[in-house]
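Visitor:
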Amino acid sequence: MKRSLVIGCAALALAAGCGTASAQSKFDVVIGGDAYFQGAYVDQDRDQGLRKTEFANRYRLVITPTAKADNGLEYGGRIRIRAAGTNTTVSEDRAFMFVNGGFGTIQAGVINGLSDEYGVFGPNVEGIAGGPDNNTVSFYSGALPYTLASFRALESGDIGTKIVYLSPIFAGFQAGVSYTPQYNNVNQSVNRVKGNTLYRDIVEAGGIYKNTFGAVSLEASAFYQFAKADIPRTEDLSSVHVGATVGFGAIKVGGSYAFSGDSGYATGTRGVDDQQVWTVGANYTTGPLILAANYTNAQGIDNTIFSVNSEAELWQAGVTYTVAPGLTAGLEYNFLENKVAGVRDDAHIIMVDTRLAF
């Protein structure tokens, strides 16, 4: 009933906004993207067989065709092509159509969940030295808490084909809801068989708020995600994420908290903490420099064996320098204190991060 309501609301909104939508003669196509190159020096306690240095890079190209009908309806699509992964694979993690109108926005296709797209988790976003989403822990070798890579709603990063509805913005507030039939089932794949994936009928709902009050700016969000476990003897998905960032002049402070309990655990699992992750950070901007610091605490089941308890604390500090519009260079220091099944393995990670955005 809930998933039918989500689909029905989206369909009614689209029908109400379309009318007789005669298209203009052409689409405007916008091409953009971003890239990073990272180099790291890692001093890890349990480093048998490991080198100290490593590089990583990623390149993304975003193509967005849009058009506008005579009645004001805007429509189009977006694809984000990625040169990423652990080999030469080129893939896409965004491939969806959209319509915008007085009723709000509808997106349909391959796209991440709402909290992954819109959730606030503090001022230090990807690309700012000291940010928890900066790919830093990829240079660590070994098991980590699953939540250290999922610090919003637990499975909001899943790109399974979905439909998303976003309301119009009212006084700085925007609500949204999404529905995904099957976890990690994308593009032309049609698979109606039960019991062969982690979750099914995934719904995420919540809202974001952005406003300014004189010299003070505020961003906040709250989302809840739930789904049925598709594998027998597995706990259902139930995950909440809240976050906020406050800015005053050149200073921003904020953080977030996500709680997912025993989502995805084998039924009857004992001796493993509830899945939760929280982060707090601050940054200061002066001219072309951003000085940033961040702390993240993650706990719950590990991300490799999926059977033992793990907990990690990540301290980060760094500086980002804007070399030119769209080009930044950053230097950050990270200390990771990690414990899996009672075994501690600390790491010092010094990383250089260079980014291009166009």
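Start counting at 1 in the sequence shown, then tack on 78, and there's your number in our numbering. Quick reminder that beta carbons are idealized off the backbone N, C-alpha and C, glycines included. These numbers come from a predicted model, not from an experiment.
1) So the alpha helix (DSSP H) S193 belongs to, where does it begin and stop?
2) To the nearest angstrom, how far is it from the Cα of Y137 to the Cα of G191?
3) What are the residues that DSSP puts in a beta bridge with R311?
4) Drop a sphere of 10 angstroms on the beta-carbon of N202, count the other beta-carbons inside from all chains shown, and report buried for 16 or more, exposed for fewer.
5) Spell out a yes or no on whether the stretch 182–190 and the stretch 405–415 are touching, meaning 3 or more CB-CB pairs, one atom from each, closer than 8 Å.
6) Report the option in V177, A162, T167 and T166 whose CA atom is closest to the CA atom of G506.
7) To the nearest whole angstrom, what separates the beta carbons of A283 and V255, a pair I think is in contact under 8 Å?
8) List the endpoints of the continuous beta strand (DSSP E) containing Y399.
9) So T131 is in the beta strand (DSSP E); what residue range does that whole segment cover?
10) Go ahead and label G110 buried or exposed: buried means 16 or more other beta carbons lie within 10 angstroms of its beta carbon, across all protein chains shown.
11) Quick check: the Cα distance between A162 and D171, rounded to an integer number of angstroms?
12) Among G325, K240 and N375, which has the Cα closest to the Cα of N262?
13) Exposed or buried, what is K330 when buried is set at 16 or more other beta-carbons lying within 10 Å of its beta-carbon?
14) K272 bridges to which residues according to DSSP?
15) Taking 8 Å as the CB-CB limit, is L315 close to chain C?
16) Considering only DSSP beta bridges, list what Y153 is partnered with.
17) Taking three-plus beta-carbon pairs below 8 Å as touching, is the stretch 267–275 in contact with the stretch 219–228?
18) Helix, strand or coil for D423? Go by DSSP, reduced to three states.
19) Could you say which of G396, R433, D236 and H426 lies nearest to D125 if we only look at CA atoms?
20) Per DSSP, what kind of secondary structure is T347 in: helix, strand or coil?
21) Does the stretch 319–329 come close enough to the stretch 352–366 that 3 or more CB-CB pairs lie under 8 Å?
22) Measure the beta-carbon distance from S317 to A336 and round it to whole angstroms, keeping in mind my assumption that it falls under 8 Å.
23) Comparing C-alpha positions only, which one of L369, T374 and A305 sits nearest to G333?
24) Let me confirm a value: R422 is counted as buried when at least 16 other C-beta atoms fall within 10 Å, else exposed. Which label applies?
25) Terminal residues of the continuous beta strand (DSSP E) containing V107?
Guide: Reading off the structure:
1) Segment L192 to Y196, the alpha helix (DSSP H) holding S193.
2) If I take the Cα positions, the gap works out to 22 Å.
3) Paired residue(s): none; R311 is not in a bridge.
4) N202 is buried by the Cβ-count criterion.
5) For the pair of segments examined, the stretch 182–190 was found not to touch the stretch 405–415: the number of CB pairs separated by less than 8 Å stays below three.
6) Because the chain is modelled from 79 through 436, residue 506 falls outside the range shown and cannot be assessed.
7) About 4 Å separates the two Cβ atoms, so the contact holds.
8) Start and end: N387 to A402.
9) Note, T131: beta strand (DSSP E), T131 to K146.
10) Taking every protein chain shown into account, the CB of G110 has fewer than 16 other CB atoms within 10 angstroms, so this residue is exposed.
11) So the two alpha carbons sit approximately 11 Å from each other.
12) Taking only the C-alpha atoms, the option nearest N262 is K240.
13) Buried, by the Cβ-count rule.
14) DSSP, once it has assigned bridges, lists no residue as partnering K272.
15) Structure shown: chain C not included; a single protein chain is present.
16) In DSSP, Y153 forms a bridge with A145 and V177.
17) With a cut-off of 8 Å, the stretch 219–228 and the stretch 267–275 do not count as touching, because too few Cβ pairs lie within range.
18) Here D423 carries a strand assignment [DSSP, helix/strand/coil].
19) Selected option, being the one with the closest Cα: H426.
20) In this structure, T347 counts as coil in the three-state DSSP scheme.
21) Output reads yes: the stretch 319–329 touches the stretch 352–366.
22) Yes, S317 and A336 are in contact; Cβ-Cβ is about 7 Å, under 8 Å.
23) Checking every option, the nearest Cα to that of G333 belongs to T374.
24) R422 is classed as exposed because its beta carbon has fewer than 16 other beta carbons within 10 Å across all chains shown.
25) Note, V107: beta strand (DSSP E), D106 to Q122.
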